[in-house]
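In our numbering, the protein residues as written are 901 to 1164.
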């Protein structure tokens, strides 16, 4: 592993890990080489882990089932998703969601208690980003509804290459309605800190491993996590490595290489 500001250079190795899913653990419909063994090594070392993701095309239950089908059994409590972070805010503020999300994530918004004022919730709706759907959300925003975003990732890598994520559509609604979205998934500091709390650890005791230089790596460092590793799988591009020069982040070719160095 090459490191920009040595991986682990802050001193002790982490006491817990946050692992991104898409582009780190799996790609499309398969586990990435060495990923299952790497997760096993983390567990054997006694480090608690949370799988953190902005993925908003599949609900948590489906993610857990899919990981098990790929050969990586996980507990539902180990999967920490941005849609569930949005749900928690809706409940706490008693907001009625106007959903612009993928059908696959709708179960994560089911059975919300009765709520009051509306809020526009935007995730990666994929083909659901139609003009009528966007315009309906726009009108809610103009009428005063807040804009809650699952994330503002620009793109992701699927089996067929790079594809637009929710971020460009969030930006379009912000521009049209003259509002600013509240981002509740990565890279929001609260997302990382809540995940660390869920591990029973301080943020500085936890490290993040991801393939998105903005949402995963720089976001984790801004949130006060003790370290972050950018992996070269998934959406990572050569220019992304330049962006972590001089930071506390390091680089590894894949999850297996990252775990090898973290556990030294």
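Note that CB positions come from ideal geometry on N, CA and C, so glycine has one too.
Less than 6 Å between C-beta atoms, sequence neighbours within five positions excluded: which residues of the same chain meet that for residue i?
i, result
"residue 1083", "1049 and 1052"
"residue 921", "951 and 953"
"residue 1070", "1022, 1049, 1052 and 1081"
"residue 1163", "945"
"residue 981", "953 and 960"
Sort the options by Cα distance to residue i and report the nearest one.
i, options, result
"residue 1031", "994, 1086 and 1076", "1076"
"residue 1029", "1067, 1150 and 994", "1067"
"residue 1014", "962, 995 and 1141", "995"
"residue 984", "914, 955, 1136 and 1039", "955"
"residue 1039", "942, 974, 1073 and 1138", "1073"
"residue 1099", "1139, 1151, 1086 and 978", "978"
"residue 1007", "991, 968, 987 and 1144", "987"
"residue 1026", "1054, 1009, 1104 and 1161", "1054"
"residue 973", "943, 992 and 991", "943"
Are there any heavy atoms of the ligand GTP lying less than 8 Å away from the beta-carbon of residue i, as far as the coordinates show?
i, result
"residue 918", "Within the structure as shown, the ligand GTP is missing, as the structure has no ligands at all."
How close, in whole Å, do the beta carbons of residue i and residue j come, if the pair is a contact with beta carbons under 8 Å?
i, j, result
"residue 1004", "residue 957", "5 Å"
"residue 1113", "residue 1130", "6 Å"
"residue 916", "residue 948", "5 Å"
"residue 1041", "residue 989", "Not confirmed; about 17 Å, so no contact."
"residue 1024", "residue 1065", "6 Å"
"residue 1149", "residue 1128", "5 Å"
Leaving out the 5 sequence neighbours to the left and right, which residues in its chain are closer than 8 Å to residue i when beta-carbon positions are compared?
i, result
"residue 1133", "923, 924, 927, 932, 1111, 1153, 1154 and 1155"
"residue 976", "960, 961 and 964"
"residue 1135", "923, 1055, 1056, 1057, 1062, 1111 and 1112"
Counting only the same chain and skipping the five closest in sequence on each side, list residues whose C-beta sits under 7 Å from that of residue i.
i, result
"residue 910", "Low confidence applies here, because residue 910 scores a pLDDT of 43, under 50, leaving its location unreliable and the question unanswered by this model."
Taking contact to mean at least 3 C-beta pairs separated by less than 8 Å, is the stretch 1055-1062 in contact with the stretch 1087-1106?
no
Original post:
Hey, is the stretch 1007-1022 in contact with the stretch 1033-1053, meaning 3+ C-beta pairs nearer than 8 Å?
Top reply: yes
Is it the case that the stretch 998-1006 contacts the stretch 1110-1118, given that we only count it when at least three CB pairs across the two stretches are under 8 Å? The count of Cβ pairs closer than 8 Å, one atom from the stretch 1110-1118 and one from the stretch 998-1006, stays below three, leaving the stretches out of contact.
TODO: Would you mind listing the alpha helix (DSSP H) stretches within the stretch 1062-1108 that are 4+ residues and don't spill past its ends, in chain order?
DONE: 1067-1077 and 1089-1098
Check your understanding: Between the stretch 915-935 and the stretch 1153-1160, are three or more C-beta pairs nearer than 8 Å?
Key -> yes
Q) Are the stretch 1123-1139 and the stretch 938-948 touching by the rule of at least three beta carbon pairs closer than 8 Å? A) no
**OP:** Scan the stretch 989-1061 and note each continuous beta strand (DSSP E) run of 3 residues or more that stays entirely inside, going in chain order.
**Re:** If only uninterrupted beta strand (DSSP E) runs of at least 3 residues are considered, those enclosed by the stretch 989-1061 are 996-1000, 1018-1022, 1047-1049 and 1055-1058.
* **Runs of beta strand (DSSP E) lying entirely within the stretch 1121-1162, each at least 3 residues, in chain order** => 1127-1131 and 1149-1152
| task | List in chain order: all unbroken alpha helix (DSSP H) runs of 4+ residues lying wholly within the stretch 908-985. | result | Those alpha helix (DSSP H) runs which fall completely within the stretch 908-985 and span 4+ residues are 935-944 and 960-970.
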